[in-house]
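Quick note on this note's numbering: the sequence shown kicks off at 416 and runs consecutively.
Just so you know, even glycine gets a beta-carbon here, dropped at the ideal spot from N, CA and C.
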Amino acid sequence: MRIIAGTASGRRLAEPKGQTTRPILDALKERLFNILRAEIEGRVVWDLFAGVGNLGLEALSRGAASCLFVERDGGSFAVLKRNVTELGFGDRSRLHRGDALAIAALPAETPPGLVFLDPPFPMVEREPARFEATLGQLAGGLERGALVVFRAPSGIRTEFSPTGLCLRDRRDHGVNRLWIFEAGGPENPDGYPENCRSG
């Protein structure tokens, strides 16, 4: 894993030994950030199920204002701290070891403009309804126009359509499926921004 573009371009990320999760590969990450190119500069980012920080650190490298990293696994969290320090993003990062789905308990002062929700695939397959609920819960705290990127296995049969979010993009890449949702904003939680299609 490496940072693809921005101030830390080309820097490699440390990874935990014996990693059992499925981190997003560089080819898919590059494709995703090409889609998000105009949506990163100056935004507050949340990286939920952050692992070693692959997505959040890429966003910081490309000009995000700050990032809240949330990871529960101790080994991954230790490597995450190392990556944040070595890339020099400590002053723009906040690290929280805990449950990424406990949205109300996250130590956030400013609503995010971009959220990465990148859970382990088996968890999504076992509990799709829980992730539908989490997406809806996220939407309740987002400003209009904020984006949520959700990665799951491409074979999943669930079509996620959470309240308060509209589907801006969905695409498959190998075993991965990416959803990009846009928030309608708390003042109009069931509405959809003009450039979105619902469902």
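With respect to Arg458, Leu521 sits apart: the two C-beta atoms are not nearer than 8 Å. With respect to the 8 Å criterion, Cys482 and Arg507 are classified as neighbours on the basis of their beta carbons.
When secondary structure is reduced to three states using DSSP, Ile595 falls in the strand class. The beta-carbon separation of Leu472 and Ile418, rounded to 6 Å, stays under the 8 Å limit for a contact. C-alpha of Ala479 to C-alpha of Ile455: approximately 5 Å in a straight line.
Residue pairing from DSSP places Val564 in a beta bridge opposite Phe531 and Ile595. In terms of Cβ geometry, Val564 and Leu447 form a close pair [threshold 8 Å]. Arg583: member of the beta strand (DSSP E) spanning Leu580 to His588, first to last residue. Rounded to whole angstroms, the gap between the alpha carbons of Gly570 and Phe536 is 10 Å.
Here Asp587 is exposed. Its C-beta has fewer than 16 other C-beta atoms within 10 Å.
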